[in-house]
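In terms of mature numbering (1 follows the signal peptide of the UniProt record, and there is no 0), the sequence shown is residues -22 to -1, 1 to 109.
C-beta atoms are modelled at their ideal positions from N, C-alpha and C, and glycine is treated no differently.
Keep in mind it's a predicted model, so treat the numbers as computed, not measured.
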Amino acid sequence: MKRAFPAIAGMLLLAAAVPALSQDSRGALGRVVAGQWELSEPGSERDSVRMCIADPTMLAQVAHRGRQCTRVTISEGPGEALIHYTCTGAGFGRASMQVVTPRSLRIETQGILRSTPFHRVYHARRTGDCR
């Protein structure tokens, strides 16, 4: 009985650690909360952009919002993701998304929009649920 107790205690500790490990191993995009987001360009006169998203990769294509695009996550770590997207007949882009918190992002994006190159940096924050 004395030998069984340490073994059982060890199994319980291991079982408790597994969910914690899986939470820490989520990529950056797995931490982002879906909903209504507001994106603004620091130091810009442009109005903020509002987007309702279910998939956080949609924030990568802010310059091509409303377009049918295919998105591919090139790399993803615990705090940052790199996404490439292509919008047939409308251009393409690449975005580096840094997760500050699950409700706050820094997005640096560049690509081609209407045959013209663009490069922008956005601060994105979740403002609530989609309406």
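- The residues 52, 53 and 74, in chain order, have a CB closer than 6 Å to that of residue 60 in the same chain once the five nearest residues on each side in sequence are set aside.
- Taking a C-beta distance under 8 Å as the contact criterion, residue 5 and residue 106 do not qualify as a contact pair.
- In summary, residue 97 is exposed, with fewer than 16 beta-carbon neighbours lying within 10 Å of its beta-carbon over all protein chains present.
- Residue 42 and residue 49 have their C-alpha atoms spaced approximately 12 Å apart.
- Taking C-beta separations shorter than 8 Å and ignoring five residues to either side along the sequence, the partners of residue 90 in its chain run 69, 70, 71 and 96, following chain order.
- Taking the CA atoms as reference points, residue 94 sits about 11 Å from residue 88.
- If you draw a straight line from the Cα of residue 24 to the Cα of residue 40, it is about 13 Å long.
- Only exposed fits residue 30, as fewer than 16 other CB atoms lie within 10 angstroms of its CB.
- Here DSSP, grouped into helix, strand and coil, assigns residue 44 to coil.
- Residue environment for residue 78: exposed (fewer than 16 other C-beta atoms within 10 angstroms of its C-beta).
- By the C-beta density criterion, residue 34 is buried, having at least 16 other C-beta atoms within 10 angstroms.
- Looking at the backbone, the Cα of residue 47 and that of residue 38 are separated by about 11 Å.
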